[in-house]
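See structure below.
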Amino acid sequence: MIIRKMLEFENAHIVRFCSSKRCKTSIHGHSYKIEILLESRHLDNAGMVYDFGLLKNEIKQIVDSFDHAITLFRGDDENYLNEMKKYSSRWVLLPVNVSAENFCRVFFVLIDALLEKTKMQNGEKGVKLQSIIIHETRTGYAQGFREDAYSELLPKISLKEIEFSKAIKAEWSDEDFYEKLCGTHIFINPKEL
């Protein structure tokens, strides 16, 4: 069975090397919608794959980290990156170009790591991230699956190569959240919200 939760975030970027001159040469933004699809062959104690309320904790925090931020490509011009960091308090630095397709892959890696490091407490079993859908516009979206997120044919996305600004970290429920996600920390879902 598959469940789907949609969240929204506003984000600015440049997509270097694309065909569209406007997209590759100008900072622009989108009102993104992200669909998180979880699957399991089991249901928890309440007869659910995963309580939607649980998605409002760390998973929503991951998505919110990109809201009203500029997302930067680590391979971009160093002067540009430094200026963006200088004038934007909310920025995220990625190891891949900032396309909708790579956003799918980045969010997949982030959320998958979180689910793998989460202790479930309401009878959830076998809950896996099935896919991520990123709606960049009203008419265009990308959908990414596990094989896309970890593909050897595509540039690797490592958690340790994703960087969040101090302003983003300051808004997390725990400023050490990302270090814990990259490490061996086990997140524990609350029994009750």
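Each residue of the sequence shown is one higher than the one before, counting from 3 in the numbering used here. Glycine included, C-beta positions come from ideal geometry on N, C-alpha and C.
- prompt: In the region 43-115, which residue ranges form an unbroken alpha helix (DSSP H) of at least 4 residues, counting only runs that do not cross its ends?
  reply: 60-66 and 80-89
- prompt: Nearest-angstrom Cα distance between V98 and N104?
  reply: 7 Å
Endpoints, the beta strand (DSSP E) within which L9 is located: I4 to H15
query: Short check: CB of T73 to CB of V51, under 8 Å?
result: no
message: According to DSSP, simplified to helix, strand and coil, what is E131?
response: A quick correction: the sequence has Leu, not Glu, at residue 131. Here L131 sits in strand by DSSP.
Anticipated Cβ contact below 8 Å, H137 with K35, distance rounded: 4 Å
field: Beta-carbon contacts of M122 that lie in its chain and below 8 Å, excluding the five residues immediately before and after
entry: D46, V129 and N191
- request: Could you check the C-alpha separation between V94 and A48 for me, to the nearest Å?
  value: 37 Å
Closest residue to S133 among M8, I38, H30 and C20 (Cα-Cα distance): I38
query: In the region 119-163, which residue ranges form an unbroken alpha helix (DSSP H) of at least 4 residues, counting only runs that do not cross its ends?
result: 148-151
message: For F11, tell me which candidate among F54, E118 and S67 has the shortest Cα-Cα distance.
response: S67
- prompt: With burial defined as no fewer than 16 other Cβ atoms inside 10 Å of the residue's Cβ, what is the status of H187: buried or exposed?
  reply: exposed
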